[in-house]
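Here the structure is laid out as structure tokens; the discussion comes afterwards.
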DNA sequence: GTCTATACCGAGATAGAC
DNA sequence: GTCTATCTCGGTATAGAC
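Protein chains in written order, with the UniProt record's numbering: chain H, 1 to 195; chain V, 1 to 195.
As structure tokens, then:
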């Protein structure tokens, strides 16, 4: 019960910074990054706009902090996949891992692949890291660079990310959604389907 | 040669309103709707902000005018498809028509399915018309309402729209892109593929 | 260390001059 | 048909209360 202020117990209230990021993500998905004002975030938290400014110096910093956990996972997924030998193994690992990340960060991944505001906010800080999306497409497309595969890969990533974050399927449990999205990817990428 | 100011000849300069909409669409896809200021549009046209305001009363009105031609086509496509008998016929007509619209309005359709700013701007004026996206999903999903089909349909629409508007494929000619996107849709919807 | 009060400037919007 | 003046709101910034 003796929880310190940094890591409160599960039932207790989270610290302001965490609440802020959770609230921001929700508002971002509803109104878009550029469509969400600092005032909206502040109001939703019951504090003033300047209080938000204490925790983050700029709005872009908030956007970055919201997107970071998902981006980190994508980054290391692509690294892992790159190290595998055999194209099929790489594709399967990447597909499975991507679906998993999308399912666990549902709204974030949809927001991330959609919103130009996110891209703009991250271009400053994530230019080096931003290579993962290119590498991901490369792996899925294959060395031949066939147009057929390139388009299928692009459609797979977009379709999986946006469907995973769609409101209609928000009630689905993780396992079910994961299975369906994997199926989408396998159909488009021409990989064998289970069951 | 005696062209009036409303309809100039093909080689002549277009009227300000048309140039404005073309410019706005380009800026919208680059920076998002909310990320595009009236000042940017005005600067790109070489006029002042107030001059833009002469042609359109609000920014939402610009957004609406930009999106309208594509939305109209989607609307009548869904109507046409609904009138066909037989689910396969409806699905095929819808898929083929959707791909065609996406190809001919590439950037617009991607913008439309992505940007929350577009959705917000249109909720006021297009609430009644907005039913087409629901009807489209219904037709593609089928009467059973199986989760499998619902997710595949959602992924197909998102994947086709966003891939069609992607910069990487901007150089593809209409026919080629159309064929590839049709293939994406057919794989996901379980429809027979040509060739 | 966390927040309030307040001010500055850019952007959407309106009214009206030319 | 184009532009100036002006208002309000949003992102940014600082000073200071508790």
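Just so it is clear, CB atoms sit at the ideal spot from N, CA and C, and this is done for glycine as well.
Model, not experiment: these values are computed from the prediction.
Straight-line Cα distance separating residue j from residue i
i: residue 185/H; j: residue 51/H; result: 43 Å
i: residue 163/V; j: residue 181/V; result: 8 Å
i: residue 40/V; j: residue 21/V; result: 13 Å
i: residue 89/H; j: residue 143/H; result: 14 Å
i: residue 24/H; j: residue 114/H; result: 16 Å
i: residue 62/V; j: residue 56/V; result: 6 Å
i: residue 18/H; j: residue 124/V; result: 34 Å
i: residue 157/V; j: residue 78/H; result: 26 Å
i: residue 190/V; j: residue 154/H; result: 19 Å
i: residue 81/V; j: residue 91/V; result: 8 Å
i: residue 5/V; j: residue 14/V; result: Low local confidence applies: a pLDDT of 40 at residue 5/V is under 50, so the model's placement there is unreliable, and no value is given.
i: residue 167/H; j: residue 178/H; result: 15 Å
i: residue 69/V; j: residue 109/V; result: 11 Å
i: residue 147/H; j: residue 60/H; result: 36 Å
i: residue 16/H; j: residue 30/V; result: 34 Å
i: residue 183/V; j: residue 33/V; result: 31 Å
i: residue 112/H; j: residue 171/H; result: 21 Å
i: residue 145/H; j: residue 86/H; result: 16 Å
i: residue 43/H; j: residue 159/H; result: 34 Å
i: residue 194/H; j: residue 151/V; result: 17 Å
i: residue 54/H; j: residue 84/V; result: 60 Å
i: residue 47/H; j: residue 27/H; result: 16 Å
i: residue 49/H; j: residue 37/H; result: 9 Å
i: residue 175/H; j: residue 169/H; result: 12 Å
i: residue 58/V; j: residue 58/H; result: 28 Å
i: residue 192/H; j: residue 192/V; result: 18 Å
i: residue 116/H; j: residue 116/V; result: 10 Å
i: residue 64/H; j: residue 45/H; result: 19 Å
CA nearest to the CA of residue i, picked from the options
i: residue 95/H; options: 138/H, 45/H, 35/H and 16/H; result: 138/H
i: residue 74/V; options: 93/V, 63/V, 56/V and 62/V; result: 93/V
i: residue 173/V; options: 100/V, 66/V, 81/V and 86/V; result: 100/V
i: residue 187/H; options: 42/V, 149/V, 48/V and 122/V; result: 149/V
i: residue 66/H; options: 43/H, 118/H, 45/H and 145/H; result: 118/H
i: residue 97/V; options: 145/V, 53/V, 140/V and 121/V; result: 140/V
i: residue 121/H; options: 35/V, 27/V and 28/V; result: 35/V
Residue i: first and last residue of the uninterrupted alpha helix (DSSP H) it sits in
i: residue 131/H; result: 131–141
i: residue 106/H; result: 106–114
i: residue 79/V; result: 59–83
i: residue 173/V; result: It is not in any alpha helix (DSSP H) - residue 173/V carries neither H nor E in the DSSP assignment.
i: residue 26/V; result: 16–31
i: residue 164/H; result: 147–164
i: residue 52/V; result: 49–55
**Prompt:** Should the segment 148–166 of chain V be regarded as contacting the segment 134–149 of chain H, the criterion being three or more beta carbon pairs within less than 8 Å?
**Reply:** no
**Asked** How about the segment 100–111 of chain V and the segment 63–77 of chain V: do they share at least three Cβ pairs that are nearer than 8 Å?
**Response** yes
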